[in-house]
Every structure is written in C-alpha cells, then in structure tokens.
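Report on the structure given below.
There are 2 protein chains.
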Amino acid sequence: MCKRLSKYRKKLGTKKKTTIKDIANVLGITPSAVSRALSNHSRISDKTKIAVRQVAENLNYQPNHLATALRTGKSNLVGVIIPRNNSSFFSSVVENIEKVLNKEGYNIIITQSYESYEKECNNIDSLLYTQVDGVIASMANETKDLSFYEKIKSKGVPLVLFDRGEDDLNVDYVGIDDYLSSFNVVEHLYAQNCRRIAHIAGFSHTRIYENRIKGYRDALKKFDLPIEESLIIESNLSMEDGREVMKQLLDLPEMPDAVFAAGDYAALGALQVLLENDIKVPEEIALVGFSNESFTYYGKPAITSINQHSEKIGKLAAEAFLNRIKNPTKKVSLNKINLKAELIVRASSNKIKK
Amino acid sequence: MCKRLSKYRKKLGTKKKTTIKDIANVLGITPSAVSRALSNHSRISDKTKIAVRQVAENLNYQPNHLATALRTGKSNLVGVIIPRNNSSFFSSVVENIEKVLNKEGYNIIITQSYESYEKECNNIDSLLYTQVDGVIASMANETKDLSFYEKIKSKGVPLVLFDRGEDDLNVDYVGIDDYLSSFNVVEHLYAQNCRRIAHIAGFSHTRIYENRIKGYRDALKKFDLPIEESLIIESNLSMEDGREVMKQLLDLPEMPDAVFAAGDYAALGALQVLLENDIKVPEEIALVGFSNESFTYYGKPAITSINQHSEKIGKLAAEAFLNRIKNPTKKVSLNKINLKAELIVRASSNKIKK
DNA sequence: TTACCTTATGCAAACGTTTGCGCAAATTGA
DNA sequence: TCAATTTGCGCAAACGTTTGCATAAGGTAA
C-alpha cells in the first residue's frame, strides 16, 4: 500500500487532479467503497474510512463537482441575478442570501444584468446551462418581456424574485410595501409644510416604481394637493438622471418646494444641482431619496431616505428558495412578502427642527 | 417522426429537462450525430443539422454544462474573488473582467471574501470544487497564509492576482504603482504647503499598503520632513476606522496639517470627524484619499483621490488569464503589470487655488 | 469492373461520481 | 451448532456529453 501511495504521490507533481479511483487504487478497494467512506456511509468500517480520509488528504483529493452534480442531478448552486452590485442595498441582500444558503450547503453564483435586458437573458441562459438548483433575482429596469423568466419556471427550477418583481410571473416574491413607503414620504413632506412636491420616478412599467408613483399620487389626493404631471418625471434613477431631472424641475415656471426621488442615486444627483444653484436644502426645497444608501448619511446635508431592510429581504428570499426545494412535490402556496419599510428623516427634509 | 416529436412534446409539460438523447430519439439518429450536428461538425449533412436544430428548439433543449465540462475537462468558468463588492473600484474591475471573458466564451463566478481569511479559503475551495478553469483574485485584508492560493496553483489552475497580491506567490499580477502614487500624493501635499502629513495606512503585511507606506516615507525624506511614527496608523481602512484614526490624530499634542488615507472610505470617515469638529478642510487640514470612489466627488468638499484605472486592471487581468490558457505548455514568463495611477486633485486638498 | 476516396452516420468508451443490488464473511441468538 | 442477521465491500449501471474509430453507401477514376 505504501508503495502504491508513493507511486501516486508522484502524481502530485504532474498537476493531474486526484480522483476517487486513485484513492481506491492506493488502498486496493473499489471506487464505490471510497465514495461511501467519504460520505460516511454506515456500512463502511471505521478502519476503511480512516484510511480513505488519510490517503485523500495525502493526495490532496478534491471531489469533482461536475461528476457529483451530474450523477445526483443536484448542483447545490443557486444563481443570483441583480441589476448591479454597486449599491449597498443589493450588496447587502446578496450577502444575506449567501449567508443563509451557505449554511444549507449551497453556493451562489452572482450575475449582474447592468440593467440590460439582453445581458439578463444571457445570465439566465448561463445559469440554466450551469444547472443551478434555483434562481433568486431582481429584474433589470429594461426588462419587460418575461419569457426568459418563464423559461426558468418551465425547466422546473425554483425562482424567487425580490425588490423588482412582476406579479404576472406568479412566483415567490420578497420586497417592501412600496406604495405605503411612498405614501409615508409624502405625508412626512406635507408635515414639513411642503405643498408642491415633485417626484423623480422610476419607470412605471416596473411594479415597484409604479407603486411608488401610486403612493405619491394617493397621498397628494389625501391632502387635497393638486397632481401636476409636469412634477412627475420618470427615469432610470441614475445620478446623471437625477441631475437632468432636477434641472428640468428648476426650469419650471414655478419651482417645487420638495423633491421625492424614487432612488438615492437620483436624489444625490438632484442634491448636487440644488447646491450648485445655491438653493437651500431643505429650506427652499426639501429632498427625500429611497434605499438608504450609505452616502445618504455621509453628505452635507444628509439625505432623508427609506430603509428597505436589505438584510431581511436577503434572508427571506433565500428561505423562500429553501422552502421550494424542501417541498418539491407539495404545492406550497405562493409566498408574497411585503415588509414594512422605515422612513429615516435626515437634514435634507428636516425643516421643522424639533 | 412527427409522432415521436409529439410524444416528446408532452415531456415539456413534465418539466424534465430535454437531453441530446431525446432529440436523437425523435429523429431516429444517435446522440453522437446530434452532438456533432449541434457543434456544426463538417461531417454532418446540412439536412440533419437543420432537423436537429429545429427539434432542439421545439423541445426547448438546453445543453447540460455538467456533462460537457466533465467530458471535455473544461468548465469555461472563471472564479473571481474580491474582498467586497460595494466599492466602485472592485465593481468596475469585475465588470471589465466579465466583458473580456464573455467574449471568449467564459462565464465568471464572483465570490466575496468580506475581508475574511476563512471565507476566502471557503471560496477557493468551492471554486476548485466547481472545477473553474482559472481564478482571478484580490486578496482579503486578513490573509497572510498563502497556502490556499498555493493549492490553486498545485491543481494546475491558472491564477491571476490584481490590486492586492503577494510577490511570494509568483503568479501573474496586475495593479498600479502604489509606491509612486503614494509618493505623488505627498509631493502634492507638500506643494500645498503641508508640512505635517499624517498617513492613515492599510495593514503593512499587504504589499500594496506596504508600498504606499514606503512611498509616503520616502517622499517625506525627499523633502527633509521628519517621520513621526505617531502620524502613521494602520487600520482596515473602513469608514469607521477612518473616524477612529482621525480622532486619534486630533488628540495629538500637535495636530497634522494634512491627512493622507490609503483608502477612500477611511478618508470619508476622517472628513466627517473633521467637519464635526469644525476644522476647515483643506485650510486647516488637507485631505487625500485613495481609489477615486464615486463619493469622493459628490461631497462637500470633494475629496482628492487616486484613480486606479479599474477598467484597465480588469481588462488586463482577464487577458493575463487568457494568455495562460492559450499557452498551457509554453512556459510564459510571469506578467507583473504596474499601471501608472492618476492623482485627481479636488477641493479637499486644494489650498492654493489656481 | 475494381480500387479508392468521400460523405454521413453509428458504436462504444470515457469523464468522475453515486447507488441499488448482490454476496461473502462475521456475528448473533437460541 | 445451525440458522438468521448484520457487516463490509464489490459490481455495474447511470448521469449527459464528446470523440476516436468503424462502417456503409455513394461517387470517382482508370
């Protein structure tokens, strides 16, 4: 046996990967025994198990995921699709998805759509190709056609959406109550004596942004404020968009006295333009963002925003996936979770100092 | 044939994935013919190719990566390890790695170490387990033991490091000239009449931070400025660290007149403390960061920083990997690339307005 | 007509695992 | 002591591809 080991030791030099067969050869047993020994099967003697583990260690054995997954039909991989990993919101969601899934033996594959529909489709294809056991996704702004998401479902791969989802897909969803959050923002601004509130909106074909617009409109109605279409401008919500839209708003015959942006980056862009024009925030124009990105509390003034509880969203999305996996047959009813978000008032909208 | 197709059509309902065998059965040919048809083999008739493609489409066929990769020994996956995906630097590097590799038919698997050595080791293990064709990595702050990286090399998997690398590993590397960049920062501050320059440093066991410290020291020497150890404080460079270190610096008997942080987040934390203490930036204390994070040009004052050319780093790192793959036998000499970074002067250090 | 070449496809092994079944040997029970 | 059970392992098939070799049909040249 020792001779055989030393023969295989040489292999280490050649950079060929060690397989279960190599271990079997060294010990003079079969690959099946080795496989069972490694997975701690009860019908393998302790003696053999110890020997196998030792040789495995010696030969620097690493199981081959491809073979295992192919044989068992389970890859233990979960695909995660996000628009872009440069916001603390998505970063934190992903971190928490990972935390929950790692515990259950899953690894995640993060892909980014960069808000592009085409890239998103490619991502879905490569995830399916990689044989992931599930997909957790937040849709790109561009995405309207849902056929690629249907494809995931049709393959029998569990799909969970978070933040940016679509009711039409009829899958598990985790997000916040966008309507209510938006409504609350307007309530808050009203309480600060703002009466002409503009909304830098996301594209209304995406449900969350549609809900934010609705919440905004309904709150205005509640306070009998007129709804002016020129004060509602849809965009991609990037910083650049925020700048552009803010300039547009300043060019109106009558300026707004508050701006509510459906995204923090847009709010930031707006803030820059306001400061550049020496407009006092919040005195002349109050400003509110959405997402509680870290920069909202760095700057001067700090920006009022909505905390979306990213940790919880990540955790719940991962758990939704796990539930699907654990009850593959049982027809679990759809899980639609809308967390209550939290308005965090900061200097940018705090006119009435307490 | 049409009957057979319709029989298989039913399969679509059952959510079982279509295989190459199914296509073969429908057409009454063998799997090998189908395989060749799909890969456009020259010895398959056009008639068959067209038929195969059509049936594949009909049955919603998707190749199984696991089987292909197992058979061919190539997974077409490249693992990317980064500390954390919440900085625009890493985000941009990854984006560019992806762009280059996608063109060559590779997909990437992004993993984050969250600056933890343990997590990083786990990531390496799962990447190797997944049988990636290569690894492109930037090391966690915590990492000192390189044995897990040695493991990658010992498996014959190409390894490329960027930004945070280690000479000891003897692998391809792409980064900037940290020494020179740091030197330039001090030169700039000296030109702004700063004579007591503090350095919020990264941990010196990481080469890039060591080089930044060296650059700082050597520049001080050049200008005959005294090197005061109490002005050099190592940390993790988080925003919190920046705050803490800045407080420490303000508590010194004699305050510095400039602070050079080896990371933008630390610079931001420092800036907050300075503003909270009503210290004028840059008049009383000038401030410089490192990495050119997006928030450096948002705030008031905007923070002077170093642009590390993340796009170029990503692109070059990916290309370094591709070179290794393309010349597996030929002993390519090591590629150590140190780009020249760019100092971007903003308000936080611009005392002498031009 | 014969020998040879091309074209289009089939056959079977292989990649590295896992796993149901089978079968000795060892152990247990009465 | 003998049957019954348990223990420890081997055999072989399977997962879905790819690929070297074989082969059969048709075409070409002399």
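Residue numbers (our numbering), protein chains in the order written: chain U, 1 to 354; chain L, 1001 to 1354.
For each residue, glycine too, the CB sits at the ideal point set by N, CA and C.
Treat the numbers as computed from the prediction; the structure is a model and nothing was measured.
### Message
Excluding the 5 residues flanking Met1001 (chain L) on each side, which residues of the same chain have their C-beta closer than 6 Å to its C-beta?
### Response
Caution applies to Met1001 (chain L), whose pLDDT of 49 falls short of 50 and renders its modelled position unreliable; the value that the coordinates give is listed next. So no residue of the chain qualifies.
### Closest residue to Glu1228 (chain L) among L:Met1255, L:Asn1058 and L:Tyr1061 (Cα-Cα distance)
L:Met1255
### Message
In the DSSP output, which residue or residues are listed as bridge partners for Asn355 (chain U)?
### Response
The structure shown does not extend to residue 355 (chain U), since chain U is modelled only from 1 to 354, so the question has no answer here.
### Residue closest to Gln308 (chain U), alpha-carbon to alpha-carbon, out of U:Ser92, U:Arg53 and U:Asn40
U:Ser92
### Task
Could you list which residues in chain L have their beta carbon closer than 9 Å to that of Gly299 (chain U), in chain order?
Phe1295, Tyr1298, Gly1299 and Lys1300
### Query
Roughly how many angstroms separate the alpha carbons of Lys1351 (chain L) and Val1345 (chain L), rounded to a whole number?
10 Å
### Within chain L, partners of Thr130 (chain U) - CB distance below 7 Å
His1065
### Message
Is the beta carbon of Val1078 (chain L) closer than 9 Å to that of Tyr1106 (chain L)?
### Response
yes
### Query
Over what stretch of residues does the beta strand (DSSP E) that includes Thr1111 (chain L) continue unbroken?
Asn1107 to Gln1112
### Query
Should Asn1102 (chain L) be flagged as near chain U, meaning a C-beta pair shorter than 9 Å?
yes
### Query
Could one say the Cβ of Ile1110 (chain L) lies closer than 9 Å to chain U's Cβ atoms, at least one of them?
yes
### Query
Roughly how many angstroms separate the alpha carbons of Gly314 (chain U) and Ser1116 (chain L), rounded to a whole number?
20 Å
### Message
Taking the beta strand (DSSP E) that Gly175 (chain U) belongs to, which residues open and close that run?
### Response
Asp172 to Ile176
#### Entry: Residue(s) in a DSSP beta bridge with His1199 (chain L)
L:Ile1232 and L:Phe1260
### Query
So, is the C-beta of Glu98 (chain U) closer than 9 Å to a C-beta in chain L?
yes
### Within 9 Å, strictly: CB atoms of Tyr1149 (chain L) and His65 (chain U)
no
### Message
Using the Cβ count rule (16 or more neighbours within 10 Å means buried), how would you classify Phe223 (chain U)?
### Response
exposed
### Task
Assuming Lys1021 (chain L) contacts Lys155 (chain U) (C-beta within less than 8 Å), just tell me the rounded distance between them.
Between Lys155 (chain U) and Lys1021 (chain L) the Cβ distance is about 17 Å, and since that is not below 8 Å, they are no contact.
### Query
Taking Cβ positions only, does Asp1278 (chain L) come closer than 9 Å to chain U?
no
### Message
What does the alpha-carbon distance come out to for the pair Lys1214 (chain L) and Lys1153 (chain L)?
### Response
30 Å
#### Entry: Interface positions of the segment 130-163 of chain U facing chain L (Cβ-Cβ less than 8 Å), listed along the chain
Thr130, Gln131, Lys151, Ser154, Lys155 and Gly156
### Message
So Ala69 (chain U) contacts chain L; which residues on that side make the cut at Cβ distance below 7 Å?
### Response
Leu1066
### Query
Which residues bound the alpha helix (DSSP H) around Val94 (chain U)?
Ser88 to Lys103
### Task
Just the C-alpha distance for Lys312 (chain U) and Leu237 (chain U), rounded to the nearest angstrom, thanks.
24 Å
### Message
Which residues of the segment 1017-1029 of chain L have a Cβ closer than 7 Å to any Cβ of chain U? Give them in chain order.
### Response
Lys1017
### Query
For Lys17 (chain U), does the three-state DSSP call read helix, strand or coil?
coil
### Task
Measure the alpha-carbon distance for Glu98 (chain U) versus Thr1143 (chain L) and round it to whole angstroms.
21 Å
### Message
Counting only beta-carbon separations shorter than 9 Å, does Val1055 (chain L) have a partner in chain U?
### Response
no
### Query
Is there a Cβ from chain U that is less than 9 Å from the Cβ of Leu1274 (chain L)?
no
### Query
Can you list, in chain order, the residues of its chain whose CB lies under 8 Å from that of Gln131 (chain U), leaving out five sequence neighbours each side?
Ala69, Ser75 and Leu77
### Query
Under 7 Å Cβ-Cβ, which residues of chain U neighbour Asn1088 (chain L)?
Here residue 1088 (chain L) turns out to be Ser, not Asn, going by the sequence shown. Chain U residues near Ser1088 (chain L): Asn86.
### Query
According to the neighbour-count rule (16 or more other Cβ atoms, all chains shown, within 10 Å of its Cβ), is Ser1182 (chain L) buried or exposed?
buried
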